[in-house]
Every structure is written in C-alpha cells, then in structure tokens.
Amino acid sequence: MRGGGSRQVALLRYLLIRLLLILPTAWLLVTVVFFLMRVIGDPISAAMGGRLTQDQIEDRKEAAGLNRPILTQYWEYITGFLHGDFGRTQDNQAISDVVITYGAATFELVFWGLLVAFAVGVPLGRYAATHRDTPSDAFLRFSAVLAYAAPVFFVGMLLKLIFSVWLGWFPVGGRASTDVELALQHVSPKTNILIIDAILYGEPSYVLDVLEHAVLPAVALGLLTGGIFLRLVRVNLIQTLRSDFVEAARARGLSTRVVTGRHAVRNALIPIITVMGMCIAMMLGGAVLTETTFEWKGLGYQLAEYLRARDFIAVQGIVAFIALVVAVMSFVVDAVVALIDPRVRF
Numbered sequence: 002m003r004g005g006g007s008r009q010v011a012l013l014r015y016l017l018i019r020l021l022l023i024l025p026t027a028w029l030l031v032t033v034v035f036f037l038m039r040v041i042g043d044p045i046s047a048a049m050g051g052r053l054t055q056d057q058i059e060d061r062k063e064a065a066g067l068n069r070p071i072l073t074q075y076w077e078y079i080t081g082f083l084h085g086d087f088g089r090t091q092d093n094q095a096i097s098d099v100v101i102t103y104g105a106a107t108f109e110l111v112f113w114g115l116l117v118a119f120a121v122g123v124p125l126g127r128y129a130a131t132h133r134d135t136p137s138d139a140f141l142r143f144s145a146v147l148a149y150a151a152p153v154f155f156v157g158m159l160l161k162l163i164f165s166v167w168l169g170w171f172p173v174g175g176r177a178s179t180d181v182e183l184a185l186q187h188v189s190p191k192t193n194i195l196i197i198d199a200i201l202y203g204e205p206s207y208v209l210d211v212l213e214h215a216v217l218p219a220v221a222l223g224l225l226t227g228g229i230f231l232r233l234v235r236v237n238l239i240q241t242l243r244s245d246f247v248e249a250a251r252a253r254g255l256s257t258r259v260v261t262g263r264h265a266v267r268n269a270l271i272p273i274i275t276v277m278g279m280c281i282a283m284m285l286g287g288a289v290l291t292e293t294t295f296e297w298k299g300l301g302y303q304l305a306e307y308l309r310a311r312d313f314i315a316v317q318g319i320v321a322f323i324a325l326v327v328a329v330m331s332f333v334v335d336a337v338v339a340l341i342d343p344r345v346r347f
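Structural data, given as structure tokens:
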C-alpha cells in the first residue's frame with residue numbers, strides 16, 4: 002500500500018508539472034509565431050500593399066495598433082490570447098469565431114484519419130511482425146516507408162483521379178453534397194461536425210453522404226500516420242515476443258495466437274500512444290494540404306485561403322491556436338502513457 006501510495010503521489014506531481022509546462026510551451030510557440038509574422042513587415046502593408054494608397058494603409062495600421070512599439074503590440078497580443086482573443090481578419094471577423102466554425106471540420110478530418118491509421122497500421126504491423134523476414138514483411142515495410150514519405154497532396158490527387166474521376170466511386174471533394182450541407186445548417190443543436198449533425202438530423206441518406214465524402218480525405222491523411230504505426234507495431238511486437246512473460250505464457254501451453262493477441266499486442270501498442278502527440282501534430286500539418294486538395298473547409302483550408310489573401314493576422318491567429326492544441330495534446334498523451342504504462346518512472 003505504501004508503495005502504491007508513493008507512486009500515486011509521484012504520478013500526481015508528474016501530471017501537475019506537465020500541466021504547468023503547457024503555459025510556457027504555448028507562450029514560446031505563440032511568441033515565435035508573433036515575431037515571425039513581423040519579419041515580413043507589418044501585416045497591413047504586406048496584405049494591402051499595391052491595393053490601397055499609403056494614407057489608407059497608415060489609417061488601417063493606426064486602427065489595428067500596428068504603429069505602436071513592437072513590445073506594446075506583443076503584450077496586447079499575449080493578453081488577448083490568454084482571454085481567447087486571436088485577433089480579427091481583414092474583413093473584421095473574429096478569428097476565434099473562425100476557429101470555432103472551421104476547427105470542428107479539421108477535428109472531424111483528423112478523427113477519420115486516425116481511424117484509418119489504426120485500421121491500416123495495427124493489423125498490418127502485427128502481420129509483419131508474425132511473418133518476419135518473409136517477402137510479405139519486406140513488402141509491408143517498403144509500403145510503410147512509401148506511405149509516410151509520399152506528399153499528402155500527391156496521394157490525395159492520386160486517390161481523386163482513380164476513385165473519383167476514373168471509377169466514380171466517391172465524390173471529388175467537399176464535406177457533403179450541397180443539398181445535404183444546406184439541410185444540416187438547420188439542425189439543432191449544431192456542432193459543425195457533419196457526421197454528428199447528420200445523425201442528429203435523423204436522415205440515414207445524409208449520414209451515408211457525409212461518410213462517402215470523408216473516405217478519400219481520411220485515407221490520404223491516415224496513410225501518412227498509418228505507415229508510422231505499422232513500423233512501430235512491427236518493431237515493438239518483435240521485441241515483445243522475445244520477452245520473458247511471453248515465453249512463460251507459451252510454457253503454460255497458450256497458443257501463439259492467444260499469446261500474440263492477448264499479451265504481446267497490448268504492450269506493442271504503448272509506443273503508438275507515446276508518439277500520438279507527434280502524430281496529431283503531423284496530421285494537423287497534413288490537414289492543410291488535405292483540406293485544400295479535397296476542398297474540405299476546415300482550418301487548413303481557411304489557412305490556405307488567408308495565405309492567398311495575405312491576411313497575415315488571420316494566419317498568425319490560426320497558427321497560434323494550432324500550436325496551443327499541439328501543446329495540450331502533448332500533455333494529454335503524456336498523462337495517458339503515465340497512467341497505462343507501469344514502466345514509466347516519475
């Protein structure tokens with residue numbers, strides 16, 4: 002009991018420290034984004050140069066507070082960030098509203114992508130480990146490298162060409178058909194996550210339509226992480242199958258299938274959870290290209306639109322929000338690993 006109590010105290014202390022580290026991590030990321038955006042000059046001149054007169058640009062800079070000292074701007078930005086104010090776009094829309102509206106779409110895409118990554122990476126990684134050094138193992142390892150090395154936009158365009166244009170199995174782009182999107186605008190309560198909105202609407206054909214539109218974007222994004230999962234599961238499962246407790250299970254007469262499924266695979270999945278934070282960060286980055294390729298109107302799509310429009314204040318706000326999400330997810334992953342893996346030391 003005393004040992005268990007001391008571990009619980011150490012665990013709580015570890016989680017508290019990791020929670021407190023979110024603030025300096027987020028502060029560092031937001032600070033880097035703020036000053037990088039200022040390297041190009043002030044955002045108003047960068048966005049409106051050549052489209053407005055110099056007097057009009059100066060008026061906008063004055064209204065946005067960009068004529069004040071850089072440290073004053075930085076302090077106001079940090080204090081606004083702490084209150085959930087990420088700034089305003091060129092058309093005077095609150096970036097926090099943009100995040101709420103389009104962030105749900107990105108969350109939905111990342112969720113589908115993770116499902117594909119697990120569905121591809123875990124069973125194929127298990128198969129490769131149990132058929133080590135066979136031609137099928139070599140083929141799967143090569144495929145895994147190809148999956149996470151291939152550019153996401155190239156994979157997306159290839160999937161569209163084959164399954165949308167040539168075969169006509171799936172829609173070319175969008176989150177749903179136009180009539181379905183219009184109908185789901187009136188669902189209550191509205192979540193902006195179309196699969197949930199379609200379920201709440203109660204029309205099975207709408208649910209099917211949303212799922213059909215999600216398949217190709219999810220595969221394009223999920224293969225990126227699925228290749229990493231495949232190699233992680235393979236390597237860790239091979240190591241686990243050599244461990245003492247697996248040998249003991251075999252000595253008790255358990256079949257290879259039972260030993261692998263009930264014991265070895267569970268331990269081999271822990272490293273996947275460990276790198277989940279990094280994978281989610283990769284998927285958020287990949288979402289920019291995936292959403293643009295499939296016209297999936299999420300944060301990545303909007304970020305690309307703001308870059309085209311040179312709305313660098315909007316870009317700054319969205320990137321800062323994504324940085325905050327990555328910092329929070331890093332804490333969540335560390336907490337889950339600490340709770341489920343007894344080998345973690347505090």
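This note's numbering puts the sequence shown at residues 2 to 347. Ideal Cβ placement from N, Cα and C applies to all residues, glycine included.
Could you name the residues of the same chain whose beta carbon sits closer than 6 Å to that of I229, not counting the 5 residues immediately before and after it, in chain order? Here residue 229 is taken as the residue at index 228 of the sequence shown, counted from 1. Hits under 6 Å: Y149.
Contact defined as beta carbons within less than 8 Å: I believe G157 pairs with H214. What is the distance between those atoms, to the nearest angstrom? By 1-based counting over the sequence shown, the position of residue 157 is 156. By 1-based counting over the sequence shown, the position of residue 214 is 213. 13 Å between Cβ atoms; not a contact.
Within a Cβ cutoff of 8 Å, which residues of the same chain sit near A305, ignoring the five residues on either side of it in sequence? As a working note, residue 305 is residue 304 in the sequence shown. So the qualifying residues of the chain are V289, E292 and T293.
Who does R89 pair with in a DSSP beta bridge? To locate residue 89, count along the sequence shown from 1; it is residue 88. In the DSSP output, where bridge partners are listed per residue, R89 has A95.
Could you check what DSSP says for K161 in three-state terms: helix, strand or coil? By one-based count along the sequence shown, residue 161 stands at place 160. It is helical.
Return yes when the Cβ of L222 is within less than 8 Å of the Cβ of G114, no when it is not. By 1-based counting over the sequence shown, the position of residue 114 is 113. By 1-based counting over the sequence shown, the position of residue 222 is 221. Cβ atoms of G114 and L222: closer than 8 Å.
Would you call the region 315-333 and the region 77-94 touching, i.e. three or more CB-CB distances under 8 Å? yes
Below 8 Å between beta carbons: does that hold for W297 and A130? Residue 297 sits at position 296 when you count from the first residue of the sequence shown. Residue 130 sits at position 129 when you count from the first residue of the sequence shown. Going by C-beta atoms, W297 is not nearer than 8 Å to A130.
Run through the region 132-206 for me and flag every whole alpha helix (DSSP H) of 4 or more residues, listed as ranges in chain order. 136-150, 153-160, 179-185 and 195-202
For A282, which residues from the same chain have a beta carbon less than 6 Å from its beta carbon, with the 5 sequence-adjacent residues on both sides left out? On the sequence shown, position 281 is the one that residue 282 refers to. Taken in chain order, the residues that qualify are V327.
Do you know whose CA, among D92, Y207, Y75 and D134, lies nearest L185's CA? Indexing the sequence shown from 1 puts residue 185 at position 184. For the residues D92, Y207, Y75 and D134, the minimum Cα distance to L185 belongs to Y207.
If you check the beta carbons only, do V100 and I319 fall under 8 Å apart? In the sequence shown, residue 100 corresponds to position 99, counting from 1. In the sequence shown, residue 319 corresponds to position 318, counting from 1. Yes. Within cutoff.
Taking just the CA atoms, how far does M284 sit from F36? The residue given as residue 36 occupies position 35 in the sequence shown. The residue given as residue 284 occupies position 283 in the sequence shown. Distance between the alpha carbons of F36 and M284: 25 Å.
Can you name the start and end residues of the alpha helix (DSSP H) that A305 belongs to? Stepping through the sequence shown from its first residue, residue 305 is reached at position 304. L300 to R309 is the extent of the alpha helix (DSSP H) around A305.
Please report the straight-line C-alpha distance between P25 and V123, rounded to a whole angstrom. Position 24 of the sequence shown, counted from the start, is the residue given in the question as residue 25. Position 122 of the sequence shown, counted from the start, is the residue given in the question as residue 123. The alpha-carbon atoms of P25 and V123 are separated by roughly 35 Å.
Using a Cβ-Cβ cutoff of less than 6 Å, which residues in the same chain neighbour L141 once the five nearest sequence positions on both sides are dropped? Working through the sequence shown from its first residue, we reach residue 141 at position 140. L125 and A129, listed in sequence order.
State the Cα-Cα distance for the pair W28 and L325, rounded to the nearest angstrom. Residue 28 sits at position 27 when you count from the first residue of the sequence shown. Residue 325 sits at position 324 when you count from the first residue of the sequence shown. Rounded to whole angstroms, W28 to L325 spans 9 Å at the Cα level.
How about S165 and L217: are their beta carbons less than 8 Å apart? On the sequence shown, position 164 is the one that residue 165 refers to. On the sequence shown, position 216 is the one that residue 217 refers to. In contact: S165 and L217 (Cβ atoms closer than 8 Å).
Same chain, Cβ closer than 7 Å to I23, neighbours up to 5 away in sequence not counted: Locating residue 23 in the sequence shown gives position 22, where the first residue counts as 1. The residues are A328, V329 and F332.
Smallest Cα separation from F154: which of A321, L16 and L225? Mapped onto the sequence shown, residue 154 falls at position 153. Among A321, L16 and L225, the Cα nearest to that of F154 is on L225.
Below 6 Å CB to CB, which residues in the same chain sit around I196 once its five sequence neighbours on both sides are set aside? Taking the sequence shown and counting its residues from 1, the one referred to as residue 196 is at position 195. Cβ within range, chain order: V211.
Status (buried if at least 16 other CB within 10 Å, exposed otherwise) for Q303: By one-based count along the sequence shown, residue 303 stands at place 302. Buried, because 16 or more other Cβ atoms sit within 10 Å of the Cβ of Q303.
Pull up the distance between the alpha-carbon of E204 and that of V181, whole angstroms please. As a first step, residue 204 is located in the sequence shown; it is residue number 203 there, counting from the start. As a first step, residue 181 is located in the sequence shown; it is residue number 180 there, counting from the start. Answer to the nearest angstrom: the Cα atoms are 10 Å apart.
Near A219, which residues of its chain fall below 6 Å by C-beta distance, leaving aside the five closest residues on each side in sequence? Walking along the sequence shown from the start, residue 219 turns up at place 218. Within the same chain, A219 has close Cβ partners W113, G114 and V117.
May I ask you to report which of helix, strand or coil DSSP gives E296? Here residue 296 corresponds to residue number 295 of the sequence shown, with the count starting at 1. It is coil, neither helix nor strand.
Terminal residues of the continuous alpha helix (DSSP H) containing L72? In the sequence shown, the residue the question calls residue 72 occupies position 71. Note, L72: alpha helix (DSSP H), I71 to L83.
Which value, in whole angstroms, describes the spacing of the CA atoms of H132 and D138? Reading the sequence shown from its first residue, position 131 is the one you call residue 132. Reading the sequence shown from its first residue, position 137 is the one you call residue 138. Roughly 6 Å separates the two Cα atoms.
Quick one: is L168 buried, meaning 16 or more other Cβ sit within 10 Å of its Cβ, or exposed? Position 167 of the sequence shown, counted from the first residue, corresponds to residue 168. Result: exposed.
For I79 and W170, what's the separation of their Cα atoms in angstroms? Walking along the sequence shown from the start, residue 79 turns up at place 78. Walking along the sequence shown from the start, residue 170 turns up at place 169. Approximately 48 Å between the Cα atoms of the pair.
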